[in-house]
Amino acid sequence: MTRLRLIAGCLTLTVQVLCLLAIGLGRGVEAQSPSDMARTPHNLSVSGPGPVQALTETRICIFCHTPHNATPLSPLWNKELEPQVYTVYASPTLRAGPLPQPSGASKLCLSCHDGTIALGAVVNPVGGIGMASAALGSHSSFGLDLSGHHPVSFAYHNALPNPELALSPPPELVYGGADEVHCTTCHDPHSDRYEKFLLKDNRYSALCTSCHQLTGWSSSAHATSTASVVGILPRPPKTWPTYTQLNEWGCEACHTPHFAPTAEQLLNFTAAPPDPFSCTSAGCHSSAPGEPHATTARAAVGAPGRAAAGMVDIARQTRKPSAHHEPLGAFALALQLPGGAARSGVRSIACADCHNPHFTARGKAQAPYASGLLRAVSGVDRNGMEIRSVTYEYEVCFKCHGDNTPDLNYVPRVLAVTNTRRAFDAANPSYHPVVSMGRNLNIPSIPSPLEPSMSPSAMIYCTTCHADDEGGASGPHGSAFAPILKERYETADYTPESYDNYALCYRCHNRSSIMNDVSFRKKTMRTTASGGGHSGHLAAGAPCSACHDAHGVNEFGARQTGSHTHLINFDTRIVLPKAGLYPLFCDGDTATIDSGCPPAVGGVFSGSCTLVCHGVVHDGTSYP
């Protein structure tokens with residue numbers, strides 16, 4: 000009897016030692032004690048704290064490990080491994096190459112978590128362990144489709160070089176073999192100290208950024224904002240984590256390591272109806288009933304609703320008649336290249352075409368330089384070359400409004416320039432100063448009461464004119480006025496002159512100067528309301544756009560079309576030729592070669608027109 004007791008005692012001691020060894024495997028200095036393991040949901044014994052428990056089994060380690068008759072796997076594995084074939088993660092941004100099937104520690108984890116083997120189906124004891132409840136929760140049973148889960152069973156070095164990853168495997172994490180990434184790289188199956196068995200606390204994305212080290216992320220808006228996301232995150236059916244501030248969520252505000260609705264880039268939201276993923280539909284940059292609007296949002300868009308990260312309601316702007324509407328699935332497409340791609344690469348209109356969510360930050364700039372909101376976004380420069388990271392705001396716009404996707408002609412012109420990049424070419428006779436300082440520094444109508452600090456030598460942004468009409472976000476998300484104009488700009492013939500009808504022009508150009516004909520002077524003998532000058536033409540119902548082409552006039556290949564200084568490029572619906580192919584304006588101060596104009600002789604603020612407008616023939620009619 001004494002000998003039997005001694006043998007039993009040795010066996011008990013052996014099992015305890017083996018359990019301790021198994022618990023400590025791979026964990027170095029932070030080996031866990033049996034009491035730690037007993038308090039976790041991985042304690043499937045009758046004393047387990049979780050919803051899955053055995054009927055009578057009191058041993059804890061036995062569900063995974065056994066000291067005898069184990070499968071030929073380490074550490075003393077107590078479950079048979081079925082030869083399953085999994086659908087693994089794939090993405091165009093994955094640099095580790097095609098992923099192999101799960102192996103090593105990941106395969107051991109999946110012997111329970113793929114749901115194909117009963118939790119009580121162990122090698123020892125023979126016949127398995129009876130379970131009182133054995134159903135894993137929906138977020139614990141992965142199935143065979145791992146495409147929406149963080150990739151595993153690949154060598155870390157195979158993903159290098161990668162500017163978005165640490166240069167070598169972070170030493171605080173755990174790897175299989177030399178540097179294989181497995182479930183156990185992020186999860187410690189024996190300790191639930193940080194919930195979900197995480198190896199370290201992932202508040203502020205501390206675990207994610209151990210490997211994913213993006214330059215600029217730590218100072219970005221999404222990494223530093225303390226705005227409340229209560230009521231937005233976690234998004235059902237997820238119930239964890241329960242962080243309250245955006246910066247605490249960090250990466251997980253947009254990404255999730257498991258059960259990603261959009262597999263590519265592990266996006267946290269689905270790209271399919273009825274719940275399309277985008278920055279706006281996610282609730283951070285949109286409104287939804289039931290939550291107070293953020294107090295930091297601008298009053299002009301402060302309707303009831305979320306816009307909950309303290310941002311303006313971008314979703315509302317993109318639903319306006321003229322807007323950069325975001326099609327379904329566009330977000331994932333735009334992220335195929337960091338910061339979005341030029342139109343030749345990705346054809347979508349997504350938030351990430353203009354904003355890099357990993358780098359975007361608050362911070363204003365002076366035109367033409369890009370603000371922090373456009374940090375690390377790809378673009379196209381003034382010469383048509385694609386660039387990795389923009390310096391100037393217009394380089395973002397030229398991705399779409401340039402060589403790859405010519406714009407529509409909102410107004411038919413003598414010289415039809417549908418490539419906006421060419422419209423702003425510094426070699427043009429005239430252009431608004433978006434890319435380069437303007438050619439004409441003698442502009443009496445600048446400054447205006449609304450822009451008193453503006454000067455003729457100042458530069459402006461595309462968004463000086465193209466932005467929200469209600470004073471919300473400064474970007475060109477949407478407007479009631481096409482094409483995404485900040486203020487009203489009528490182009491129809493016979494439009495009555497008023498501040499409201501030409502508010503866009505009058506923001507920068509002093510209306511009093513225009514209506515007093517300071518630069519476009521009428522002849523002294525013309526005293527009627529329609530007697531020439533700006534005032535006369537406006538009184539006759541000619542809109543600003545009848546004569547002026549707002550972006551600029553590109554003369555490439557043009558002959559006998561007149562002068563195109565002062566943004567003169569006639570609307571061919573209103574202004575007709577008197578003779579020949581084109582209506583002509585001839586600048587009296589600037590000689591133009593091969594324009595069809597006589598030598599310039601009149602000096603500054605002078606010129607002549609040969610055309611037909613409103614039935615009135617101008618046959619070399621000059622001013623002043």
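If you count by numbering that gives the first Met the number 0, then the sequence shown holds residues 0 to 623, one letter each, in order. Here a beta-carbon is modelled for each residue, glycine too, at the ideal position from N, C-alpha and C. Please read all numbers here as calculations on a predicted model, not as lab measurements.
Exercise for the section: Please specify which runs of the alpha helix (DSSP H), each continuous and at least 4 residues long, are wholly inside the stretch 228 to 252, giving them in chain order. Expected result: 245 to 248
Problem - Chain-order list of residues whose beta-carbon lies under 7 Å from that of GLN157 (same chain, five-residue window excluded) - result: Correcting the residue identity first, residue 157 is Asn in this sequence and not Gln. ALA95 and GLY96, listed in sequence order.
Problem - Beta-carbon contacts of VAL517 that lie in its chain and below 6 Å, excluding the five residues immediately before and after - result: PRO443
Practice task
State buried or exposed for HIS67, treating a residue as buried only when at least 16 other CB atoms are found within 10 Å of its CB.
Solution key: exposed
Practice task
Please say whether LEU580 and VAL611 have beta carbons closer to each other than 8 Å?
Solution key: No; because the gap between Cβ atoms is not below 8 Å, this pair is not in contact.
Handout entry: Enclosing alpha helix (DSSP H) for CYS504 [first to last residue]
Key = 502 to 507
Problem - DSSP three-state assignment for THR70, whether helix, strand or coil - result: Coil.
Problem - Proximity below 8 Å, CB of ALA53 to CB of GLY129 - result: yes
Exercise for the section: In angstroms with no decimal places, state the Cα-to-Cα distance between PRO623 and TYR368. Expected result: 39 Å
Exercise for the section: Output the distance between the C-alpha atoms of LYS485 and SER478, rounded to the nearest integer angstrom. Expected result: 7 Å
Practice task
Report buried or exposed for GLY338, applying the criterion of at least 16 other Cβ atoms within 10 angstroms of its Cβ.
Solution key: Because GLY338 sits at a pLDDT of 41, beneath the cut-off of 50, its placement in the model cannot be relied upon, and the point is left open.
Handout entry: Cβ-Cβ distance between PRO260 and VAL413 below 8 Å
Key = no
Problem - Cβ shell of ARG420 (< 6 Å), same chain only, five flanking positions each side left out - result: PHE397 and GLY401
Practice task
Give the range of the alpha helix (DSSP H) segment to which GLY535 is assigned.
Solution key: Annotation: the continuous alpha helix (DSSP H) that includes GLY535 extends over 532 to 538.
Exercise for the section: List in chain order: all unbroken alpha helix (DSSP H) runs of 4+ residues lying wholly within the stretch 390 to 467. Expected result: 392 to 396 and 419 to 422
Problem - Alpha-carbon to alpha-carbon, ASN382 and GLY619 - result: Looking at the two C-alpha atoms, the distance is approximately 38 Å.
Practice task
Find out if the Cβ-Cβ distance for the pair LEU206, CYS185 is shorter than 8 Å.
Solution key: yes
Problem - Span of the alpha helix (DSSP H) around CYS111 - result: It spans 103 to 112 - the alpha helix (DSSP H) in which CYS111 sits, taken as one unbroken run.
Handout entry: CA nearest to the CA of PRO99, picked from GLY119, VAL180, THR39 and GLY126
Key = Nearest option by C-alpha distance: VAL180.
Problem - Residues that DSSP places opposite MET36 in a beta bridge - result: Beta-bridge annotation (DSSP): MET36 is not paired with any residue.
Exercise for the section: Measure the alpha-carbon distance for HIS323 versus ILE348 and round it to whole angstroms. Expected result: 7 Å
Handout entry: CB contact flag (HIS465, ILE483, <8 Å)
Key = yes
Exercise for the section: Can you have a look at HIS138 and say buried or exposed, based on whether 16 or more other CB atoms are within 10 angstroms of its CB? Expected result: exposed
Handout entry: Contacts around ASN123, its chain only, beta-carbon distance under 8 Å, and the 5 residues preceding and following it disregarded
Key = ILE61, THR65, HIS67, ASN68, ALA69 and ASN77
Handout entry: Euclidean distance between Cα positions of ILE513 and GLU489
Key = 16 Å
Handout entry: Residue closest to PRO82, alpha-carbon to alpha-carbon, out of GLN559, ARG387, LYS106 and THR92
Key = LYS106
Practice task
Can you give me the start and stop residues for the beta strand (DSSP E) that ALA627 sits inside?
Solution key: Only positions 0 to 623 of the chain appear in this structure, which leaves residue 627 out of reach.
Exercise for the section: Consult DSSP for ALA308 and reduce its assignment to one of helix, strand or coil. Expected result: Residue confidence for ALA308 is low, a pLDDT of 38 falling below 50, so the modelled location carries little weight; the figure read from the coordinates is stated next. In this structure, ALA308 counts as coil in the three-state DSSP scheme.
Exercise for the section: Please look up how many angstroms separate the CB atoms of LEU372 and THR359, rounded, as I've assumed it's under 8 Å. Expected result: 5 Å
Problem - Alpha-carbon spacing of SER219 relative to HIS149, whole angstroms - result: 24 Å
Problem - Three-state secondary structure assigned by DSSP to CYS353 - result: For CYS353, the secondary structure class from DSSP, reduced to helix, strand or coil, is helix.
Exercise for the section: Could you tell me the boundaries of the beta strand (DSSP E) in which CYS60 lies? Expected result: Here CYS60 belongs to no beta strand (DSSP E), and DSSP marks it neither H nor E.
Exercise for the section: Below 8 Å on the Cβ atoms is my guess for GLY561 versus TYR430; work out the distance and round it to an integer in Å. Expected result: Incorrect: roughly 17 Å between the Cβ atoms, too far for contact.
Handout entry: Among ASP380, ALA457 and ALA415, nearest to ARG438 - alpha-carbon criterion
Key = ALA457
Problem - Range covered by the beta strand (DSSP E) that runs through HIS257 - result: No beta strand (DSSP E) holds HIS257; DSSP gives it neither H nor E.
Practice task
Please go through the same chain and pick out, in chain order, the residues whose beta-carbon is closer than 7 Å to the beta-carbon of SER132, but skip the five residues on each side of it.
Solution key: PRO50, VAL51 and GLN52
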